[in-house]
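Written below as structure tokens is the structure these notes are about.
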Amino acid sequence: MPKWMDSARDFLGLGEDPYYDDDYDLIDEDVLEDPVETPDPPARTRARPARVAEPEPADWDEGDGGVRMIRTAPGEHDPVPAAPAPRSAAFPDSDRGVVRPLPGSAKPEVVSPTRFDDVQSVADAFKKVQPVIINLQGVDRDLSRRLIDFASGLCYGLEGEMERVADQVFLLTPRGAEVSADDRRRLSEGQLDEYAT
Numbered sequence: 131m132p133k134w135m136d137s138a139r140d141f142l143g144l145g146e147d148p149y150y151d152d153d154y155d156l157i158d159e160d161v162l163e164d165p166v167e168t169p170d171p172p173a174r175t176r177a178r179p180a181r182v183a184e185p186e187p188a189d190w191d192e193g194d195g196g197v198r199m200i201r202t203a204p205g206e207h208d209p210v211p212a213a214p215a216p217r218s219a220a221f222p223d224s225d226r227g228v229v230r231p232l233p234g235s236a237k238p239e240v241v242s243p244t245r246f247d248d249v250q251s252v253a254d255a256f257k258k259v260q261p262v263i264i265n266l267q268g269v270d271r272d273l274s275r276r277l278i279d280f281a282s283g284l285c286y287g288l289e290g291e292m293e294r295v296a297d298q299v300f301l302l303t304p305r306g307a308e309v310s311a312d313d314r315r316r317l318s319e320g321q322l323d324e325y326a327t
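Numbering (our numbering), first residue to last: 131 to 327.
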């Protein structure tokens, strides 16, 4: 190999390390040391291994997440059972579940951005759990692509949905909001003027 390549290799640290000294290469493999024998201690001082009682199958208790908890021996660390929560006389069957109202249909807000800074209004409405219609008709192709990228990231980050409802018209629906079937039909027909504020 030419000398200039050796110099370049050494400069880049790819060559052999001159400081590397492998002492193990010098040891003969035929030389083995005799193992040191230690005498057994007398029987009376020899420690006996402690016997661990194997838990019986009845001692197993199912815990959360597939973890099995071993119960302690009776009388040893017995937990005090928690008192059941008092039931209200007004709601005797209150442990059946929680009733939550269904989200109502929200009127979508229409945004027709002309520059990238207009996405602030899209994000603000989306964070208020209001559906947003982004009208990109007549917008430059590069700007349109950036706006779609932002909107899809917004929907992904806040667990919403994004769908194309017409040519260059997108509906962003936040989690917990609904758009009525009638509104969806109007959007697919291109009737955006009804939503203008």
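Note that CB positions come from ideal geometry on N, CA and C, so glycine has one too.
These numbers come from a predicted model, not from an experiment.
One or two residues paired with residue i in a DSSP bridge
| i | result |
| --- | --- |
| Phe300 | Ile264, Arg294 |
| Val249 | According to DSSP, Val249 bridges with nothing at all. |
| Val241 | Ile264 |
Best match in the options for proximity to residue i [C-alpha to C-alpha]
| i | options | result |
| --- | --- | --- |
| Val299 | Pro132, Arg314, Leu142, Lys133 | Arg314 |
| Val259 | Ser274, Arg305, Gly145 | Arg305 |
| Ala307 | Glu146, Glu319, Glu291 | Glu291 |
| Phe280 | Gly268, Asp248, Ala311, Leu144 | Asp248 |
| Val272 | Phe246, Ile264, Ala253, Asp254 | Here residue 272 turns out to be Asp, not Val, going by the sequence shown. Among Phe246, Ile264, Ala253, Asp254, the Cα nearest to that of Asp272 belongs to Phe246. |
| Val252 | Ser318, Phe141, Ser282 | Ser282 |
| Val269 | Asp297, Tyr286, Glu293 | Asp297 |
| Tyr286 | Asp254, Pro132, Thr303 | Thr303 |
| Glu293 | Arg275, Pro132, Ile264 | Ile264 |
Anticipated Cβ contact below 8 Å, residue i with residue j, distance rounded
| i | j | result |
| --- | --- | --- |
| Leu284 | Leu266 | With a Cβ gap of about 15 Å, Leu284 and Leu266 do not count as contacting. |
Beta carbon of residue i nearer than 8 Å to that of residue j
| i | j | result |
| --- | --- | --- |
| Phe256 | Leu301 | no |
| Val309 | Pro238 | yes |
| Val241 | Val262 | yes |
| Gly143 | Asp136 | no |
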